[in-house]
Amino acid sequence: MIRVRKKIGLIPRYNWDYKFSDYAKAFKAALKSDSNNEPTLEKIFGWKPLFTTSGRASLYAILKSLDLAKDAKIAVPLYCCPVVFDAVRQADMTPIFIDINPDDYTLSASDLEKKIDSVSAVVVVHMFGHPVDFDAISRVSGNIPIIEDCAQSLLSNYKGRYTGFLSNVSFFSFRSGKYISAGEGSAIFSTDPKLLESIGKLIEKFDDWTNFQQILHCTGTYIKSSLYRRPWYGIVGYPIGRALDRKLNLTAKTGFRFKKIAGCDIRLINDRIKTFSKNIEKQRVNAFYFFKKIRLPDVFLPKEKKDCWSNYFQFALRFNNREQRNHMADHLLKCGIDTAKYLDDIVETAQEYYNYKGDCPKTEESSKKVLIIPNHYTLSQKDLDYIIDCLNAASMSNNSFIS
């Protein structure tokens with residue numbers, strides 16, 4: 307018999323790890339225009355980064371610096387955050403949608419091969435922290451530029467090499483909800499000095515943050531992050547999020563600011579990245595504990611491929627159909643566990659806003675079956691066992707989960 311938690315103990319679906327100590331550091335940096343811009347990322351990865359305020363701004367800057375024609379066609383996975391599509395459009399280019407490999411939700415080299423003739427560049431997304439099959443994609447792409455979207459794959463690696471350094475240009479995201487959760491912020495890396503120089507010149511034209519804007523930004527980030535943690539998430543954060551989901555089309559995410567990174571954000575990025583590998587290791591331990599303990603034989607679990615090391619940024623369950631997925635989400639919510647039907651409406655969004663023609667059947671199928679469950683490094687052992695108990699307590703009956 308599972309002892310169901312009261313709503314005050316609702317476990318959040320995502321981890322917005324931005325504490326008061328982080329806010330204090332960010333506020334001080336914003337007040338004094340002191341970003342503590344030490345070369346921390348360069349020491350870790352061996353390459354000097356450029357910074358913008360978001361992954362979307364970074365992708366835009368990369369595309370505009372690749373010397374591609376206006377209206378160039380850019381291959382992107384349909385199953386990814388639609389800010390990727392918007393960045394392509396803002397760069398006066400056209401997204402060409404590529405299907406995924408259902409085993410890891412990353413771009414399919416075989417589908418890319420069918421569409422490669424019209425493509426000028428390829429964006430690959432290491433979805434949920436799982437590296438793409440880069441060798442296969444590289445063989446298909448030939449001399450066409452490959453851009454790595456590493457928003458979810460910090461420190462993941464493919465054949466012993468960090469994601470972000472498989473191709474010659476990449477970007478990372480450090481916004482709230484990502485691994486670093488600094489508020490906003492993105493880093494661009496390139497092994498091509500000329501390309502990096504071009505990107506840097508474009509970023510110099512982006513807007514700066516005023517001290518007052520930074521103070522408002524880090525204060526807002528702290529408030530929102532507090533509402534995304536227990537006990538406030540179940541009381542305030544979750545109801546507000548549900549209300550916004552009903553009133554706003556948050557998946558569309560069109561339009562953005564061309565801004566440089568805020569000093570308060572880079573202060574936290576440099577501070578937190580130094581020891582962050584231990585948090586990723588903890589999240590991997592959580593994921594493998596789930597593999598060992600979850601007893602849902604008809605549910606696909608996100609195991610690593612050969613030669614890949616995933617940071618398990620998110621733990622995705624895939625069910626046989628949408629009804630099973632939805633019933634499990636309802637069951638877990640009753641147990642006090644929030645989940646995410648990640649990119650559930652990505653097909654409809656791509657059709658409405660980006661002229662998707664319906665040629666990615668695996669994405670269309672998978673997007674209606676995926677459920678993200680919490681596996682944060684901040685969860686206690688008691689939390690993990692409770693999540694597992696609630697999952698295993700659900701049973702299949704007539705293609706639906708019942709508790």
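Position 327, counted from 1, in the sequence shown is what the numbering used here calls 633; the numbers after and before it change by one each time, with no gaps.
From the three backbone atoms N, C-alpha and C, an ideal C-beta is built for every residue, glycine too.
None of these values were measured; they are calculated from a predicted model.
By a beta-carbon distance limit of 8 Å, L347 contacts P355. Their separation comes to about 5 Å. Between the C-alpha atoms of K668 and G642 there is a straight-line separation of about 31 Å. With 16 or more other Cβ atoms inside 10 Å of its own Cβ, A493 counts as buried. The region 612–677 is shown to contain whole alpha helix (DSSP H) runs of 4 or more residues at 628–640, 652–660, 667–672, in chain order. By the Cβ criterion, the region 481–488 is not in contact with the region 437–450, since fewer than three pairs of Cβ atoms, one from each stretch, lie closer than 8 Å.
Q519 and D691 have their C-alpha atoms some 42 Å from each other. By alpha-carbon distance to W322, the top candidate from D689, I694, D695, P680 is P680.
Between Y683 and Q589, the beta carbon gap of about 4 Å places them in contact (Cβ cut-off 8 Å).
Taking C-alpha positions only, C570 is separated from D514 by approximately 12 Å.
In this structure, I368 sits near F477, with a CB-CB distance shorter than 8 Å. The Cβ neighbour count for R563, taken over all protein chains shown within 10 Å, is under 16; the residue is labelled exposed. Here the C-alpha atom of K565 lies approximately 6 Å from the C-alpha atom of T358.
Under a 10 Å Cβ-count criterion, G361 is classified as buried, with 16 or more other Cβ atoms of the shown protein chains found around its own Cβ.
In this structure, DSSP gives E454 an extended state, which the three-state scheme calls strand. The DSSP assignment places complete alpha helix (DSSP H) segments of no fewer than 4 residues inside the region 398–484 at 415–421, 440–447, in order along the chain. Counting along the chain, S371 sits inside the alpha helix (DSSP H) bounded by residues 361–371. Excluding residues up to 5 positions away in sequence, N474 lie with their Cβ nearer than 6 Å to the Cβ of T497 in the same chain.
When secondary structure is reduced to three states using DSSP, D323 falls in the coil class, being assigned neither helix nor strand.
Annotated as distal: I453 and I443, with beta-carbon spacing of 8 Å or more. Beta-bridge analysis with DSSP links V605 to no other residue. In the structure shown, F495 adopts extended strand secondary structure according to DSSP, grouped into three states. Scanning M634, L501, C524, E610 for the CA closest to the CA of K331 turns up C524.
Of the residues assessed, N626 falls on the exposed side of the cut-off, its CB having fewer than 16 other CB atoms within 10 angstroms. By the Cβ-count criterion, N698 is exposed, with fewer than 16 other Cβ atoms from all chains shown falling within 10 Å of its own Cβ.
In the DSSP assignment, V382 falls within the unbroken beta strand (DSSP E) covering 379–383. I567 counts as buried, since at least 16 other C-beta atoms from the protein chains shown sit within 10 angstroms of its C-beta.
Per the DSSP secondary-structure output, F357 pairs in a beta bridge with A493. Under the three-state reduction of DSSP, D514 is assigned to coil, being neither helix nor strand. Cβ neighbours of F440 within its own chain (closer than 6 Å, five residues either side excluded): Y464, L472.
Taking every protein chain shown into account, the CB of N407 has 16 or more other CB atoms within 10 angstroms, so this residue is buried.
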